[in-house]
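K.L.:
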Amino acid sequence: MKKKNFGALFSSNTPATLSISELAAWRQNEEGSRLLVPPIQRSIVWSNEQIINYWDSLLRGYPAGMMMIHRVEKSDSVPSNSGRDANGTTRTANEHDFQLFDGQQRMTAILLGLGTGQMRDSRRLWIDIGLEPHKNSGLMFQLRMTSSGQPFGYRPDAPNQKIELGKRQAKWEAWRALSQDSDTGTLQPTFLDVKGKDIIDSSCAIPFELVCESLHNSGLDTTITQLSQQEGADLGVIKNFATSLQAAL
2 MKKKNFGALF SSNTPATLSI SELAAWRQNE EGSRLLVPPI QRSIVWSNEQ
52 IINYWDSLLR GYPAGMMMIH RVEKSDSVPS NSGRDANGTT RTANEHDFQL
102 FDGQQRMTAI LLGLGTGQMR DSRRLWIDIG LEPHKNSGLM FQLRMTSSGQ
152 PFGYRPDAPN QKIELGKRQA KWEAWRALSQ DSDTGTLQPT FLDVKGKDII
202 DSSCAIPFEL VCESLHNSGL DTTITQLSQQ EGADLGVIKN FATSLQAAL
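For the sequence shown, my numbering begins at 2 and goes up steadily by one.
(1) Have a look at Ser44 and Val73 and give me their C-alpha separation to the nearest angstrom.
(2) Which one of Ile130, Asn49 and Glu174 has the shortest CA to CA distance from Gly237?
(3) Quick one: using the 10 Å Cβ neighbour count with 16 as the cut-off for buried, is Tyr63 buried or exposed?
(4) Is DSSP giving Arg43 helix, strand or coil here?
(5) Check whether the segment 54 to 69 touches the segment 140 to 149, counting contact only when three or more Cβ pairs, one atom from each stretch, lie closer than 8 Å.
(6) Under a Cβ-count criterion, where at least 16 other Cβ atoms within 10 Å of its own Cβ denotes burial, should Gly150 be classed as buried or exposed?
(7) Using three-state DSSP, classify Ala9 as helix, strand or coil.
(8) Rounded to whole angstroms, what's the CA-CA distance from Pro80 to Met67? Just pull it up for me.
(9) Got a sec? Which residues, its chain only, sit under 7 Å from Ile1 by beta carbon, not counting five neighbours each side?
(10) Under 7 Å between the Cβ atoms of Glu210 and Gly116?
(11) Tell me which residue opens and which closes the alpha helix (DSSP H) that Met108 is part of.
(12) Tell me Asp129's beta-bridge partners as DSSP assigns them.
(13) I believe Phe11 touches Ile70 by the beta-carbon criterion, under 8 Å. Please report the beta-carbon distance rounded to the nearest angstrom.
(14) Would you call the CB atoms of Lys172 and Ile201 closer than 7 Å?
(15) Can you name, in chain order, every residue of its own chain whose Cβ lies under 7 Å from the Cβ of Asn233, other than the five neighbours on each side?
(16) Measure the C-alpha to C-alpha separation of Met40 and Ala178 and round it to an integer number of angstroms.
(17) Rounding to the nearest angstrom, what Cα-Cα distance links Gly197 and Ile128 in this structure?
(18) Among Glu174, Ser229 and Glu50, whose alpha-carbon lies nearest the alpha-carbon of Arg125?
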C-alpha cells in the first residue's frame with residue numbers, strides 16, 4: 002500500500018473513515034504519524050472465539066466499528082508521553098502521533114488476521130477452504146485458531162475449547178512418528194511448525210494472512226486460481242471467501 006499521512010486525516014475533531022487495510026497500515030507505521038496504545042490501556046484479553054466472531058462479522062460486511070483516538074499533546078506540564086506500538090514495545094510519542102483509547106482488542110484481532118501484531122507469537126488464524134462451516138459454529142466460513150498451547154487447533158464449532166483428548170493424542174503420536182522418520186523433524190512442534198493438513202478435523206486449512214497477502218499483491222482472480230489448486234479445496238467456498246475478504250479489507 003502507498004504510504005499515507007494518516008494523521009493528516011484527523012487535523013480537526015471530525016470523524017474520518019479508514020478501511021481495515023488502512024487501519025492496520027497506520028498501526029504498523031514507524032515513520033511520521035504513528036498510532037500507539039496508551040499505557041493506561043489494559044492488556045489483550047480477547048479469546049479465540051471473540052477474534053473469530055469479529056472476523057466473521059467483517060466477512061459478512063459489517064463495519065469494523067468506531068475507534069476513539071487522541072492526538073498526543075506536548076506541553077510544559079506534560080513534556081513527554083509514551084505508548085505501545087503494534088508489537089507491544091513502549092515507545093516515546095511525539096506531537097505527530099495519536100493514541101488509541103478505544104478499539105485495542107479489535108485492532109489486535111485485525112492485525113492477527115494479517116499475521117502481525119502482538120499475538121502472532123502465540124496464536125494463528127486459519128481459513129478452511131475445503132469445508133462449509135460446522136453447523137453449530139454459526140460462522141459464515143470455517144475459521145480455525147491454533148496456538149502455542151494447542152498447535153493442532155481447537156474445536157471447529159467452539160474455538161475456545163480443546164479438541165477431545167483421544168484425537169489430540171493420536172495427532173501427537175502421528176507427529177512424533179513422522180518426525181522420527183525425518184532428518185529435519187522435531188518431536189515437539191511449535192504452532193508455527195504446524196501445517197494446515199495437521200489441524201485436527203480440517204480439510205484444507207490455509208493461514209488467513211496468506212490469503213490477505215495474496216489479495217493485496219495479486220488480486221482477486223489470481224488468488225482464487227491459486228487457492229483452487231490446493232488439495233481438498235472447494236471452489237465455491239474459495240470464491241465466496243476471497244470475495245468477502247477483499248470487500249472486508
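Note that the Cβ used here is the ideal one computed from N, Cα and C, for glycine as well.
P.N.:
If we stick to the structure as given:
(1) 20 Å
(2) Ile130
(3) exposed
(4) coil
(5) yes
(6) exposed
(7) helix
(8) Note on Pro80: pLDDT 47, under 50, position unreliable in the model; the coordinate value appears next. Spanning the two alpha carbons is a distance of roughly 29 Å.
(9) The chain is shown from 2 up to 250; residue 1 falls before or after that span and cannot be answered.
(10) yes
(11) Gln105 to Gly114
(12) Ala206
(13) 7 Å
(14) yes
(15) Before going on, a small fix: residue 233 reads as Gly here, not Asn. Here the set comprises Gly131, Ser204 and Cys205.
(16) Contrary to the premise, residue 40 reads as Pro rather than Met in this sequence. About 47 Å.
(17) 9 Å
(18) Glu50
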